[in-house]
Structures are given as structure tokens and as C-alpha cells.
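Just below is one structure, and these are the notes that go with it.
Residue numbers (my numbering): 4 to 583.
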């Protein structure tokens, strides 16, 4: 039976990426209820042999480390699992002539961490505690990252874990309740240690704080647990229309499960999760959908050694901002590299940060049928179109959004302008407000006259809105032009456009950035004449909050940033309160 089992295992893992690390000839059948089973002794002997084969075996250590190593070993024997650094420093001073100074003590901790003898993270908020017995953290994790057959008998705790398995989220209050069990008090002796463990699990992306979520659905002390998500992505997960795709291919044959969860966790940390029509989070096993903005959705799917990314605009590819696509790509790349670096360091392997980019390749593409067609980003820069194996021709123009230079203020020499198909599109109110922001006062009158807005109409607009900025008056005039035509197009604007210089404005553009229609903004202008600027701003924000769709602090901050009003500072400094 044993020979047959080993033969089956050998065949099963013959092509596995880690086949060289599998010792399938050392399989043991152990009777778990017989402590005198001879197989246990054979297993113990083999473990010692493996330990002696490790690269760290026999390496010279500073003599000064010996007393402290013995003291830590004694603590473990006394069932002490997590200590403060202050306690370690006190114990260290007992060694008199062999005590370590602060630098030597930190070196000791980092080396012991790399060997797996303890866990120590030299990051602010985590560097005050040391897990001197690493299996303790495993047992803490098993308290909530577990299968249903291992749920506790307590009805309340079982309900908490069942809800976690169903939704993938857990409140801090419920987590602390789970940790009140007698078998966990050995590891979590006091509130300070519990708080340290919570922060450590957040650092490891085992617990994830959702990005600027709706405060009526989440509180700041609710966490997502990606590794507990069992929901399979829906059949309509991949959107075919208005989408560009990005693919990271790792050099290894498969992505370790821990790395996959860390990539998903980093994505949730960066952008707010989307809710589906049933108000459920769009978080699935190795897949997630987030809102980059109110008009752009991001889908991330991990399969084998691939991280597949899809950016979809709700209106059209023409409405997709190159700035947004490039920012998404930069953020995802940075998160992936950080996750790879963390994975290597967690496995005790060193890697030069400059070599991380060699661990993956990036391709860009379009959804095509049930799959996607990809091309290298460098090749996309040198060709206008590609014909995929299915015989379909794809334009590469929008694929370059992923690598767009965000500092570029004007089109390069290679830009051929809008295509004939794009020129037939109707200009959105965002198009108009941004165009109004670019035109100088001296040029605008001639520009709108070329569009068909009479001088009388322009003077009337100026008089009715004399208390508003010039850019807002320009925008109202452009909207008046748009409403006069049955089929206004971008071609009408291009034909009438003259060379203009940049300008700036605020309130009108803020409303548009928040997705309000011109009719709503114009109504606010009339209603709030007596209330002045604060009243107008308050009314615009109230109208935005009442419109359909997910309203998040993230989308508000991005709109503020778009109009140069400190949106990024707002996002960095604001923490949602339970009462918000």
C-alpha cells in the first residue's frame, strides 16, 4: 500500500514547479492514537536529517547570542509565546558581560526571524513585540481561518465564523470574542498583545481594511479576510465592451496561494470594493471588482501564474482617462512588486529589489470573445493595430493608456488626433467643462460664434451668470450650444476650436467631476444665489450624494483632486467615524 501511495504521489507531482523540494520517498503512515508508533521515531530521525541539510545548519554565530538564545528557549518551555521588546531588553541585561547593545539586539532579532526561530518586524507599531514561538501565530490564525468542521461548539462563535465564511468580513469585536476562548488565552494574554496581533495580521494582508467604504455598510473596525472567501466569480465577471486589459505573467509556473491573497488584499487596500445589484461585495476567490472612480471599474483575476487586470469605463473607451489607466497600472505594479518582495523575505530568501522586475512580464490587450488578446507593451507602442489569432483587428491606441506619461501636458508628434469614429461621438459634460477650462476669454467669443451661438445669446449668458467665474460662463455657453443640436458631436467642436491656453475653475467642474448633470448644477446656481459660495458648494455635494450609485469618500476625494482642491490630502488625512 505504501509503495502504491508513493508511486501515485510521484506521478501527481512530476511536473510541479517545486518538485525538487518534495521528498516523496520519505512517507510515513502514523497511528495518531499510538504515541509509541515506531513510525514517529523514524519521522523524527528524518526531520533531523533534513534540518542538518539546511544552508543555515552549522553556520557560525556570535558567542554573545548563546545566553539570549537559551533564555528564549526557556521561555518557550514555560509556554511564553509573545513578549514585549522591553522584556527582552531586561532579560538581555541579565547577561552582564555578554549582553547586547541596541544595534546588536536588533541584528539578533532579524537573523533569528530569517531562520524562523521567532517573528520580529522592525516596523513602527509592530517593533514593540516579539513572537518567540512562531507556531503560536499559526494557532491564533486557526481560530478564524479554518474549515467549518473545526468551528467551536459555542453557538455565538459558530455563527460569527459562519458569517465570516459567507461574507468574508469580520468585525474587530467578533474577532476579539473568538480570542476569548480558553485555548487562545495562552497566546493572547492581554489587550496589548491582542492589538499587536491585529496590526500584524493587517500588515500581512490577512486582515484587510477596506478602502474608504460606505460608512453605513462598514465601520472602521470591520475587516475583510480574503483567504476565507469561497464565492466563485460570476459568469459575467469579464466585461467585453469599453474595456482594456493588462496581464502580469510571473516567471514561476504558479502563484503561491499566500501571494495571491496578498495581491487581492493590496487591491482592496487601494480602491473601494464594488457592490453588486444585491448589495453584496464583489469579492470572490482570487478575484475582485473595485471602483477606481464612479465611471471606471477595475477587475483583478488571478489564474495559475497570471494576474489578469481589466479596466472598464461605463460610457466608452473614449471617456477613459489615460491618467487613470496609467495610475492604476503603476499602483498595481508597485503592489505586485511589494508582494513578491514580501513573499521572498517571508520564505527566508534574499532578493535584490532591483531584480524584482525580472520576476514578471507585462502585456496589454483587449477582451476578445471569451478570452483576451495580448501584446507586449513595447510592441503596442510601435504599431497602430494588431490582428489576433481569431482574425480580428484591434487598435492599440487605447492600450497605450496603461503606459501614458502623466506629466505630459500636450500630445506628442505621434498623435494622429481623434479617429473618424471617435469624432462622431457626442461630447459629454465632462468634455465640455474641461474644454471650457482651456480657452482664453479673448478666444471664446469667436469660438462659440463658430459653433452657432449668437452674440446675443452669449451676452445674455454673461449677464445672467455675472457672479460666476468665466470658465463657468464658458461651460454654460457650450451646454447651450449642445442643447440646440439634435446630434452634437466632437467633430463640431474640433472644427470650431482655436488654439487656447490653460485656465482653472472650481465649482462647476467639481459638480461635473462628481457626475452631476448640468441641469442639476444650474438649478443649484439659481437656488443658492443668496446663500453664496458655501451654500452653493453644500447644495452641489448634497445633490451628488442623492444621485444613484455608490457614493464613497474615495470618489469625493478624487473629484476634489481633479479640480486642484486637495483631494489627495483629504484622502490621506480623513478617517471615517462611526457616526459619519
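Beta carbons are placed, not taken as given, at the ideal position from N, Cα and C, and that holds for glycine.
Here the structure is a predicted model, which means the values were calculated and not measured.
Identified DSSP bridge partners for residue i
i, result
"residue 174", "225"
"residue 290", "287 and 304"
"residue 10", "According to DSSP, residue 10 bridges with nothing at all."
"residue 252", "309 and 364"
"residue 299", "316"
"residue 211", "227"
"residue 246", "315"
First through last residue of the beta strand (DSSP E) which encompasses residue i
i, result
"residue 363", "363 to 371"
"residue 374", "374 to 379"
"residue 87", "85 to 87"
"residue 132", "132 to 134"
Three-state secondary structure (DSSP) of residue i
i, result
"residue 230", "helix"
"residue 322", "helix"
"residue 388", "strand"
"residue 217", "The pLDDT assigned to residue 217 is 42, lower than 50, so where the model puts this residue is not dependable; a value taken from the coordinates is nonetheless given after this. Residue state, collapsed to three classes: coil."
"residue 396", "strand"
"residue 278", "strand"
"residue 585", "Any property of residue 585 remains undetermined from this structure, which presents the chain solely from 4 to 583."
"residue 494", "helix"
"residue 347", "helix"
"residue 70", "helix"
"residue 437", "helix"
"residue 431", "coil"
"residue 339", "helix"
"residue 60", "coil"
"residue 24", "helix"
"residue 470", "coil"
"residue 17", "coil"
"residue 30", "coil"
"residue 507", "Its pLDDT being 30, under 50, residue 507 is placed unreliably by the model, and the measurement read from it follows with that caveat. DSSP places residue 507 in coil when its eight states are reduced to three."
"residue 158", "helix"
"residue 36", "coil"
"residue 148", "coil"
"residue 359", "helix"
"residue 153", "helix"
"residue 354", "coil"
"residue 163", "helix"
"residue 235", "coil"
"residue 524", "With a pLDDT of 47 at residue 524, under the threshold of 50, the predicted position of this residue should be treated as unreliable, though the coordinate-derived value follows. Helix at residue 524."
Span of the alpha helix (DSSP H), counted from its first residue to its last, around residue i
i, result
"residue 264", "260 to 273"
"residue 448", "444 to 454"
"residue 139", "138 to 145"
"residue 486", "473 to 487"
"residue 50", "41 to 55"
"residue 463", "458 to 467"
8 Å contact criterion, which residue i and residue j should meet: CB distance rounded
i, j, result
"residue 200", "residue 143", "6 Å"
"residue 301", "residue 246", "Rounded, the Cβ-Cβ distance is 10 Å, inconsistent with contact."
"residue 95", "residue 134", "Not quite, the Cβ-Cβ distance comes to about 17 Å (not below 8 Å), so this is no contact."
"residue 124", "residue 203", "7 Å"
"residue 197", "residue 182", "6 Å"
"residue 367", "residue 378", "6 Å"
"residue 266", "residue 338", "7 Å"
"residue 101", "residue 70", "5 Å"
"residue 31", "residue 46", "5 Å"
"residue 308", "residue 253", "4 Å"
"residue 272", "residue 212", "7 Å"
"residue 372", "residue 393", "6 Å"
"residue 234", "residue 278", "Contact doesn't hold; Cβ gap of about 14 Å is too wide."
"residue 482", "residue 456", "With a Cβ gap of about 10 Å, residue 482 and residue 456 do not count as contacting."
Original post:
Curious, which full-length beta strand (DSSP E) runs of at least 3 residues does the stretch 75 to 132 contain?
Top reply: The stretch 75 to 132 contains, as complete beta strand (DSSP E) runs of 3+ residues, the segments 85 to 87 (chain order).
Original post:
Going along the chain, which unbroken runs of the alpha helix (DSSP H) with 4 or more residues stay wholly within the stretch 179 to 211?
Top reply: With a minimum length of 4 residues, the continuous alpha helix (DSSP H) runs that stay inside the stretch 179 to 211 are 185 to 188 and 194 to 206.
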